[in-house]
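In the working numbering, the protein residues as written are 831 to 1219. Each residue gets a CB set at the ideal place from its N, CA and C atoms; glycine is no exception. Model, not experiment: these values are computed from the prediction.
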């Protein structure tokens, strides 16, 4: 569909075309443009959204779904203020009145994005309250579009449970979704993350490996967004299993090598460039953090400190100092104690404690605020220091 749309899109921007189209055709073309905004690069997304808006306004149609999509893209590609976006979205939804199952599903999309924004602000309970405002018009029979929203609501509930550390309930949510259609996107990576948190590494590795193989068998490229997301999750699973087993069984070189290979190849996709958008910057942080952990585990303190510095620089490009800085400083201070640099270690430890007292534990990245933080805490206790949390 995309190549055909690329060919005809310039004609849809001509004023003379609008008068020849019926209302139903305008709506259909606007829907096609909205769907097309989920493909290709940001320039293309913005172009088809502009066309969709012009089509709708030519017949005095409400362009609310176009505006919703723009807010969603802003959140994914740039670094807007979440508070400002929450305000924009509340204004948009307050003016939107569902009149049928289709428009009710559109309202549901607004609910989902608002919940995501509140999760970004760690307003988890408020996000849950927002999710409860969506209901199918017929409580006994949801339409196909409404069922998509119902499934996504459960997915976000599972993510909130994961982010607040309730991994058992989160996993139950994701297992429920395995039995539903359509399956929400990113379900496999969410399920693998909570499985790792619960110590079920082999299950996580199994489902990720199967899905990656399915993509390969279907001829998908391994540098597609979906493939990179799955490979990153698989690398996380290998690494977290190695960390968890290290105290009792020693460092498993094969697990570390598999993780290192995946992270190394993914690092090529997330190099620092002007074209790296918000999601890419977050993935760059994840990769650099993992590479620092690997050097740390392998007993290379100087090299690990350099890696941690790079990870901290990547963190600062995504967020103000908070949980990720706390984990990085805590990791660096353990290395500096190991090197006998006690003054610098104590300074970093004090700052890590200060941040921990403000933000506590966070579980947005697989194992970082749990498995890895506990690993460093145990190392600190062996040096006569107190562990965080």
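For residue 1027, the enclosing alpha helix (DSSP H) has its first and last residue at 1017-1027. The shortest C-alpha to C-alpha distance from residue 888 to any of 853, 899, 862 is the one to 853. The DSSP-derived three-state label of residue 1202 is helix. Excluding its 5 nearest sequence neighbours in each direction, residue 1082 has C-beta neighbours in its own chain below 7 Å: 1072, 1075, listed in chain order.
Listed in chain order, the alpha helix (DSSP H) elements of length 4 or more contained wholly in the stretch 918-988 are 931-950, 954-961.
Non-local C-beta neighbours of residue 1088 in its own chain, meaning closer than 7 Å and more than five positions away in sequence, comprise 1068, ordered along the chain. Following the DSSP letters along the chain, one finds residue 891 in no alpha helix (DSSP H), marked with neither H nor E.
Under the three-state reduction of DSSP output, residue 852 falls in the coil class, being neither helix nor strand. Three or more Cβ pairs closer than 8 Å define a contact, and the stretch 1051-1069 meets that threshold against the stretch 1022-1035. Around residue 972, the same chain offers 966, 980 as residues with beta carbons nearer than 7 Å, after the five sequence neighbours per side are excluded.
By the C-beta density criterion, residue 1180 is exposed, having fewer than 16 other C-beta atoms within 10 angstroms. If you draw a straight line from the Cα of residue 1109 to the Cα of residue 1096, it comes to about 14 Å. Per DSSP, the continuous alpha helix (DSSP H) segment holding residue 1163 begins and ends at 1153-1168.
By the beta-carbon neighbour count (other beta carbons within 10 angstroms, threshold 16), residue 895 is buried. Approximately 6 Å separates the beta-carbon atoms of residue 985 and residue 1007; this is inside 8 Å, confirming the contact.
Restricting attention to 914, 947, 942, 974, the CA atom closest to the CA of residue 932 is found in 974. Rounded to whole angstroms, residue 1206 and residue 1161 show a C-alpha spacing of 6 Å. Residue 1001 sits in a helix when the DSSP states are folded into three classes. Using a Cβ distance threshold of 8 Å, residue 950 and residue 912 count as a contacting pair. Minimum Cα-Cα distance from residue 1140 among the listed residues 1128, 1115, 1152 corresponds to 1115.
Leaving aside the five residues that flank residue 1131 on each side, the residues in its chain whose CB is nearer than 7 Å to its CB run, in chain order, 1165, 1168, 1169. Rounded to the nearest whole angstrom, the CA to CA distance from residue 1117 to residue 847 is 48 Å. With 16 or more other Cβ atoms inside 10 Å of its own Cβ, residue 942 counts as buried. Only residues of its own chain outside the window of five on either side were considered, and among them 903, 907, 1107 have a CB closer than 8 Å to the CB of residue 872, listed in chain order. Separation of residue 940 and residue 955 (C-alpha to C-alpha, rounded to the nearest whole angstrom) is 18 Å. The DSSP-derived three-state label of residue 1179 is helix. Fully enclosed alpha helix (DSSP H) runs of no fewer than 4 residues occupy 853-866 of the stretch 852-877, in order along the chain.
Following the DSSP letters along the chain, one finds residue 910 in no alpha helix (DSSP H), marked with neither H nor E. Where residue 1101 is concerned, there is no enclosing alpha helix (DSSP H), because DSSP gives it neither an H nor an E.
Around the Cβ of residue 998, a 10 Å sphere holds fewer than 16 other Cβ atoms; the residue is exposed. DSSP places residue 1149 outside both helix and strand once states are collapsed to three, so it counts as coil.
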